[in-house]
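Shown next, in C-alpha cells, is the structure this report addresses.
Protein chains: 2
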Amino acid sequence: MPWMKAVFEVRHKDILGRIGVLTVGGKKAETPAFVPVINPVNQVVPASEIAEMFNCNIVITNSYILFRRLRDEVRERGVHAVIGFDGIVMTDSGGYQVLQYGEVEASPVDVALFQEAIGSDIATPLDRPTGLVRRGQAVKTVEETLKNVKATMEAVGPSSRCVWSAPIQGGLYPDLVEKCVDEYRGMGFSYYCLGSPTPLMTAYKYDKLVSMISVARRRLGPVPPLHLFGAGHPMVFPIVVALGCDLFDSASYALFAAEDRYILPYGTARLDQLYSLPCSCSVCGSTTVKELRQMEKRERFRLLSLHNLNVCFQELNQVRQAIWEGRLFELLERRSRAHPALYQAFQAMLEDTQLIDLAVSQTPLSKRRGLFLYDRYSLLRPEVRRAMAWLEKFEVNKERLETAVLVNVWSTAVKEHTTLLEKINGLVNGRYELFTYGTVYGLIPYSLNNVFPYSQTTTPETLIRSLENEIYEKAARTLSKAGFKHVYVILLGRDAYPGFAKGLTNHLTQALQAEVKFVKPT
Amino acid sequence: MPWMKAVFEVRHKDILGRIGVLTVGGKKAETPAFVPVINPVNQVVPASEIAEMFNCNIVITNSYILFRRLRDEVRERGVHAVIGFDGIVMTDSGGYQVLQYGEVEASPVDVALFQEAIGSDIATPLDRPTGLVRRGQAVKTVEETLKNVKATMEAVGPSSRCVWSAPIQGGLYPDLVEKCVDEYRGMGFSYYCLGSPTPLMTAYKYDKLVSMISVARRRLGPVPPLHLFGAGHPMVFPIVVALGCDLFDSASYALFAAEDRYILPYGTARLDQLYSLPCSCSVCGSTTVKELRQMEKRERFRLLSLHNLNVCFQELNQVRQAIWEGRLFELLERRSRAHPALYQAFQAMLEDTQLIDLAVSQTPLSKRRGLFLYDRYSLLRPEVRRAMAWLEKFEVNKERLETAVLVNVWSTAVKEHTTLLEKINGLVNGRYELFTYGTVYGLIPYSLNNVFPYSQTTTPETLIRSLENEIYEKAARTLSKAGFKHVYVILLGRDAYPGFAKGLTNHLTQALQAEVKFVKPT
Numbered sequence: 003m004p005w006m007k008a009v010f011e012v013r014h015k016d017i018l019g020r021i022g023v024l025t026v027g028g029k030k031a032e033t034p035a036f037v038p039v040i041n042p043v044n045q046v047v048p049a050s051e052i053a054e055m056f057n058c059n060i061v062i063t064n065s066y067i068l069f070r071r072l073r074d075e076v077r078e079r080g081v082h083a084v085i086g087f088d089g090i091v092m093t094d095s096g097g098y099q100v101l102q103y104g105e106v107e108a109s110p111v112d113v114a115l116f117q118e119a120i121g122s123d124i125a126t127p128l129d130r131p132t133g134l135v136r137r138g139q140a141v142k143t144v145e146e147t148l149k150n151v152k153a154t155m156e157a158v159g160p161s162s163r164c165v166w167s168a169p170i171q172g173g174l175y176p177d178l179v180e181k182c183v184d185e186y187r188g189m190g191f192s193y194y195c196l197g198s199p200t201p202l203m204t205a206y207k208y209d210k211l212v213s214m215i216s217v218a219r220r221r222l223g224p225v226p227p228l229h230l231f232g233a234g235h236p237m238v239f240p241i242v243v244a245l246g247c248d249l250f251d252s253a254s255y256a257l258f259a260a261e262d263r264y265i266l267p268y269g270t271a272r273l274d275q276l277y278s279l280p281c282s283c284s285v286c287g288s289t290t291v292k293e294l295r296q297m298e299k300r301e302r303f304r305l306l307s308l309h310n311l312n313v314c315f316q317e318l319n320q321v322r323q324a325i326w327e328g329r330l331f332e333l334l335e336r337r338s339r340a341h342p343a344l345y346q347a348f349q350a351m352l353e354d355t356q357l358i359d360l361a362v363s364q365t366p367l368s369k370r371r372g373l374f375l376y377d378r379y380s381l382l383r384p385e386v387r388r389a390m391a392w393l394e395k396f397e398v399n400k401e402r403l404e405t406a407v408l409v410n411v412w413s414t415a416v417k418e419h420t421t422l423l424e425k426i427n428g429l430v431n432g433r434y435e436l437f438t439y440g441t442v443y444g445l446i447p448y449s450l451n452n453v454f455p456y457s458q459t460t461t462p463e464t465l466i467r468s469l470e471n472e473i474y475e476k477a478a479r480t481l482s483k484a485g486f487k488h489v490y491v492i493l494l495g496r497d498a499y500p501g502f503a504k505g506l507t508n509h510l511t512q513a514l515q516a517e518v519k520f521v522k523p524t
Numbered sequence: 003m004p005w006m007k008a009v010f011e012v013r014h015k016d017i018l019g020r021i022g023v024l025t026v027g028g029k030k031a032e033t034p035a036f037v038p039v040i041n042p043v044n045q046v047v048p049a050s051e052i053a054e055m056f057n058c059n060i061v062i063t064n065s066y067i068l069f070r071r072l073r074d075e076v077r078e079r080g081v082h083a084v085i086g087f088d089g090i091v092m093t094d095s096g097g098y099q100v101l102q103y104g105e106v107e108a109s110p111v112d113v114a115l116f117q118e119a120i121g122s123d124i125a126t127p128l129d130r131p132t133g134l135v136r137r138g139q140a141v142k143t144v145e146e147t148l149k150n151v152k153a154t155m156e157a158v159g160p161s162s163r164c165v166w167s168a169p170i171q172g173g174l175y176p177d178l179v180e181k182c183v184d185e186y187r188g189m190g191f192s193y194y195c196l197g198s199p200t201p202l203m204t205a206y207k208y209d210k211l212v213s214m215i216s217v218a219r220r221r222l223g224p225v226p227p228l229h230l231f232g233a234g235h236p237m238v239f240p241i242v243v244a245l246g247c248d249l250f251d252s253a254s255y256a257l258f259a260a261e262d263r264y265i266l267p268y269g270t271a272r273l274d275q276l277y278s279l280p281c282s283c284s285v286c287g288s289t290t291v292k293e294l295r296q297m298e299k300r301e302r303f304r305l306l307s308l309h310n311l312n313v314c315f316q317e318l319n320q321v322r323q324a325i326w327e328g329r330l331f332e333l334l335e336r337r338s339r340a341h342p343a344l345y346q347a348f349q350a351m352l353e354d355t356q357l358i359d360l361a362v363s364q365t366p367l368s369k370r371r372g373l374f375l376y377d378r379y380s381l382l383r384p385e386v387r388r389a390m391a392w393l394e395k396f397e398v399n400k401e402r403l404e405t406a407v408l409v410n411v412w413s414t415a416v417k418e419h420t421t422l423l424e425k426i427n428g429l430v431n432g433r434y435e436l437f438t439y440g441t442v443y444g445l446i447p448y449s450l451n452n453v454f455p456y457s458q459t460t461t462p463e464t465l466i467r468s469l470e471n472e473i474y475e476k477a478a479r480t481l482s483k484a485g486f487k488h489v490y491v492i493l494l495g496r497d498a499y500p501g502f503a504k505g506l507t508n509h510l511t512q513a514l515q516a517e518v519k520f521v522k523p524t
C-alpha cells in the first residue's frame, strides 16, 4: 500500500446514501458526517466543545491559515493540540486561499509536507478549485490539480502517515470530472473529495450541483467514501447524501452567524426576520430573539454559531434516521420544498436515469417502513422504478391459464386469506391467476403481493385519480400479453377509489379480446 | 352582556391563520395556541412545569375526571389550585366520557354549575360529539348539543364568571355544522369550539377534516376565535391554523408517550424505530435512544411526554414564525409532504374555492418575504389567485397606445431603471406600454411591477416550462384585448428560461393581428 488508507465500512444504505464508519488510523467517525470547519485562529465555538456537544469526531481546518499565522507552533505541537481536538482532523490544501490572496508562493510539495508535518489525519493535495468558469479555464484547473496531485504523491512517498484525499475538480464539465476520477483510479486513494460546490450553491444552482455530484459518484462507483467540499446550508444535506456524499464540511454556521443570520432547517433568517426562536436547542431555550438582538456582538456571534451548528447536526441526525428506516426519499420530498431551487434539484435528480439506476442497485430490497408517494415525481424514486421493472419482467401467467381474477383488497384481506380464496372460488369456476388492482404499480400478481414495496405503499387518492387511465392501460397490456380469455374484476367491500373498479372493467372490456366480468359479491 | 366574554385581538394574519392575543378575565394567551390536555389525577408532566418550560398560558382539563375523582377537593380549592396552574384553565364538558363510560348521569345544568363552581376560565356546555356516524345519528347529536347549550346558558345566567364556549358539532354534515353556528349567532358567544376531529384524524381522513373546519370557519366568518378539540399530531397544526383554528388542544403528547411513541415533526416512531434521537430538546440532548429503551417505564413515560410536548410547542413556534413572515403557505408545502393523507388534505384545501376566497380577503396585501412556488398546486394559493385576479381586472392600455414593449428583466433591472428605459427608447419609436414577461402571472404591466407579489415570487424553471404554453396564451389574450398593433419582445441579457422569449415571440406572431418583433440588443 503506497500510503495510509482510510477504511470505510457501510452499515445501512438508502438511495445512494449510507450510514457508515470511517476509520483513519485508529480514529473513527460515523457517516454521513457533517465536518465543521474550524478556524484555527478564531474558534467562535471551540472544536472541543463541538466534539462534546454534538458527538462530533471529525473536523476540517485550514492549512493556509495555519501556515500563514501559526506555522512554527503547529509544526511543533501538531494540529490536534493547536486546535484542541483529538478526533480526526482533516486539512484542506489551502488552494482556494492561495488563489484568492496569492500571498503565499507554496508549491504542491511544500503544502503536502506541511500537512504531514503538522500531523493531519486526512490531508489534501494542493488542488485548484474550478468554480464557475469557461471550459478553457476549467481544463487548466483540472490539469493543474492532477499535476499537483502526482507531484504530491511522489513527494510524500509510501511511508506517509496521512490519509491523502483525491480532490476531484472539473465543476460543470462532466468529462473533466470523469477525467479526474479516472486519473485517480489505481493510484491507491481511499478517500475522494469533490470540489467547487460553493459557487453553485451561492447562486442557488442546486440542479447543477446534483449533476456534478452525479457524474462524480457514477464514475467512482458506489463504494469509496466521497467528501463534498463546502456544502453550505444544512437544507442540502439530505440531497447531497442521497447522491452519495458521505462527508461534507461547511463553515456556514460561523459565516452566517457573523452576519447575524440564523439557520433554519429550511432556510435562513436575519435576526430582524424572526418573530421568536422556533427551535429547541440549548441556545434558543435559554434566550429570546429580543435578547439576542440586543446582545454584545461577540456573544451573539457565539450563540448564533452554536445554534447554527445545532441545526446542522440535527439535520444530520434526521438524515441518518431517514437512511436507517429507509425513508431518505421521504426526507427529500419534504426538504425539496424548502426552496424552489432545491425542488428543481430534486426533479433533476429524478430525471437523471443513470443516477437512479445506480440508486436502484444500492437501495435495499426491503425496508423498515413503507413508502409514501405524493405525485408523479414520487414514481421516479428507485424503489418504485425497481418495482415497476420487476412487474415488466415477471411472467404473470406461467401456467397458461385462461382466467384472470382481479381483486381489490389484498393488503387488508391477508388475514382472511382463506375466506377470500373461498369467496373467489365460489364466484369463479376452475383455476385462475390472481391479481390485485388499485395500486400505482398496475396489477400485482399473487406471488408478488407480499414482496416489498407492493403492499407497503401509501398513495394519496389524488395520485391514483390522476393516473387512472394509465393504470387501466397498463392492466390491459399485462392481461393481453398473458393471453387471458376470461377476466373477473371483483370488488370486495367498499371501493377505496369510488368508481375505479367499474372504470377498470369498462376499460378492459374495450381493450381486451376477452370476456370481462365485474363482480361485487354481497 | 349575558356572561363573561373572551377578548380576541388579532395582530398578524396569513391565509386564515393569525397571531393574536386571547384575553380571559385578566389572563392572556398568545394564539395560535397549543393547549395541552392536563390529566388532573396523573400529571406526567406537571402543568406548572409545562407553563414554565414552554411559556404556556392556557391548558385544558377534564371535567368528567374532576367530577368523578376529585369532586369535593376541586369544589373547595378550585381547579387552578388542584392542577397547579395559574394561567387560563379551560374545561371540556366531559360529554365524550359521559358517552363512553356512561357511569355519570349528569344533566347539562349539573355539568355547567360544576364548571362554574370550580372556577374554570373557559367552560364548555355538555356537548354530544358527533364523530363518524350516519346522518340520522348526527342530527341527534346536534339537536342534543343545541338543547344542552340552551339549557346551560339559561341555568348559568348573566352573572357567570366563566367564558362559555360554543361547541360546534355536526361532523361531516356541512348543513349540521352550519346549523350549529347559526343557532349560536346572537347568543353572545365569544369563543367557539369545533368538535369531533379525532376520529377523522385517527383514520387519516385529513381531507375531511379540512372540509369540516372550512364549513365552520366560513359560516363563523373570519373574526371570532375558533378552538379545535383534540387536534392530535403536531404535523396537522400548520394546516388547521391556516384553515382558521386559533387554539387546539391535544393529549397526544402523553397518549403517544404511554405507548412508547416518539413524536417527530413529520410523524411518529416507536422507540424501536429510532436510530438515534433526531431532536435537540433538553430530553434528547441528555439521553440516548438506547438509554430511553432501557429506562424504567414511568421515567420513560415522563421523558417521552416532555419530548413530545417539545415537538408540539416547537411546531407552534414555527407556525407563528411562518404567519409573521407571511410564509404559512410555504410551511404547508413542506408539512404536506409529511404523509400522503396530509398532502391530499392540502390539495383539498386548495380546491375549496370558497375557503380560498375567504383566505384571499384575509391574507395581507404585502409580506415580509417573497413567495416560493413549486408546482401547479402552488398557483392556487391565495396571493397568487389574488394577483392573477388583479391582472384580469387591470386595464393594461389606459392611454390606447398602439405599441407594447415586453421586457424580461424587471426585477434585476430596477436599479438601472433609467438605463433600461434609455435602451428601450433607443429601440422603439414613440410612446408605448411596458410589460415584463417570464413570470407565472403572465404579463406584468409597468405600474404593477413593484406591487407585491409580482416581482417577489421565486419559481422553479420546471414550473415555468410546464406552463409555457399557458403563459404564452395568456400574454396573447392580454395584448389582443388591449388592441396593440405593434409588439416588441425584448430580451436583455441571458434568457432565464432559454428559448422562452423566442417561443413567446412565435406564439404572439401566430396569435395576434399585430406586428411582433423580437429584439435582442447587443
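Going down the list, the protein sequences come from chains A and B. For the first sequence, our numbering gives the first residue as 3, with consecutive numbering after it. For the second sequence, our numbering gives the first residue as 3, with consecutive numbering after it. Beta carbons: idealized from backbone N, C-alpha and C, even for Gly. Only a predicted model underlies this, so the values are computations on that prediction, with no experimental measurement involved.
- Query: Checking contacts by CB at 9 Å: is S282 of chain B closer than that to chain A?
  - Reply: yes
- For E472 of chain B, the three-state DSSP class (helix, strand or coil): helix
- Would you say I21 of chain B faces chain A, with C-beta separation under 9 Å as the test? yes
- For chain B, is any of its Cβ atoms less than 9 Å away from the one on T524 of chain A? no
- Residue interval of the beta strand (DSSP E) (run including R263 of chain B): 263 to 266
- Message: Rounding to the nearest angstrom, what Cα-Cα distance links A53 of chain A and A253 of chain A in this structure?
- Response: 15 Å
- Query: Using a Cβ cut-off of 8 Å, which residues of the segment 436 to 464 of chain B contact any Cβ in chain A, in chain order?
  - Reply: T460, T461, P462, E463, T464
- Can you tell me where the beta strand (DSSP E) with A64 of chain B in it begins and where it stops? It is Asn, not Ala, that sits at residue 64 of chain B in the sequence shown. From DSSP, the beta strand (DSSP E) with N64 of chain B extends over 60 to 64.
- Measuring CA to CA, which of B:A259, B:N310, B:K292, B:R378 is closest to S607 of chain B? Shown here, chain B extends from 3 to 524; a query on residue 607 of chain B therefore has no answer.
- Find the nearest neighbour of V242 of chain A within the set A:K369, A:A168, A:V212, judged by alpha-carbon distance. A:V212
- Item | Cβ-based contacts, 8 Å cut-off: residues of the segment 274 to 306 of chain A near chain B | Q275, L276, Y277, S278, L279, P280, C281, S282, C283, S284, G287
- Message: Cutting at 8 Å between CB atoms, please list the residues of its own chain near Y379 of chain A, excluding the five before and the five after it.
- Response: F348, Q349, L352
- Message: Assess contact between the segment 369 to 388 of chain B and the segment 442 to 462 of chain B, defined as three or more Cβ pairs (one per stretch) separated by less than 8 Å. Is contact present?
- Response: yes
- Name the residue from A:P127, A:A484, A:S162, A:Q356 whose alpha carbon lies nearest to the alpha carbon of K152 of chain A. A:P127
- Query: Thinking C-beta only, is Q171 of chain A closer than 9 Å to A140 of chain A?
  - Reply: yes
- Query: Any idea if N59 of chain A is buried or exposed, counting beta-carbon neighbours within 10 angstroms, 16 or more meaning buried?
  - Reply: buried
- DSSP beta-bridge partners for F437 of chain B? B:L408, B:P447
- Task: Could you tell me whether the Cβ of Q99 of chain A comes closer than 9 Å to any Cβ of chain B?
- Result: no
- Could you give the distance in angstroms between the alpha-carbon of K29 of chain B and the alpha-carbon of G190 of chain B? 20 Å
- Which residues does DSSP pair with H229 of chain B in a beta bridge? B:C195, B:L249
- Query: Which residues in the same chain have their Cβ closer than 7 Å to the Cβ of A260 of chain A, if we skip the five residues on either side of it in sequence?
  - Reply: F303
- Item | Check whether Y268 of chain B and E332 of chain A have beta carbons under 9 Å apart | yes
- Given that Y268 of chain B touches chain A, what residues does it touch there, using C-beta distances under 7 Å? R336
- Thinking C-beta only, is G80 of chain B closer than 9 Å to G19 of chain B? no
- Backbone secondary structure at E156 of chain B - three-state DSSP: helix
- Would you call K299 of chain A buried or exposed, if buried means 16 or more other Cβ atoms sit within 10 Å of its Cβ? exposed
- Query: By the criterion of Cβ-Cβ separation under 7 Å, what are the contact partners of F374 of chain B in chain A?
  - Reply: H341, P342
- Three-state class that DSSP yields for G269 of chain A in the structure shown: strand
- Query: Rounded to a whole number of angstroms, what is the C-alpha to C-alpha distance between S278 of chain A and T290 of chain A?
  - Reply: 7 Å
- Host alpha helix (DSSP H) of Q488 of chain B (start-end): According to the sequence shown, residue 488 of chain B is His rather than Gln. That residue, H488 of chain B, is in no alpha helix (DSSP H); its beta strand (DSSP E) goes 488 to 492.
- At which residues does the alpha helix (DSSP H) containing T33 of chain A begin and terminate? Counting along the chain, T33 of chain A falls outside any alpha helix (DSSP H), though it belongs to the beta strand (DSSP E) covering 29 to 33.
- Item | Proximal residues of chain A, C-beta to C-beta of Y208 of chain B below 7 Å | Within chain A, no residue comes near Y208 of chain B; the closest Cβ sits about 10 Å away, beyond 7 Å.
- Compare the C-beta of Y345 of chain A against all C-beta atoms of chain B and say whether one is closer than 9 Å. yes
- Query: Under 9 Å, do L245 of chain A and L273 of chain A count as touching if we go by C-beta distance?
  - Reply: no
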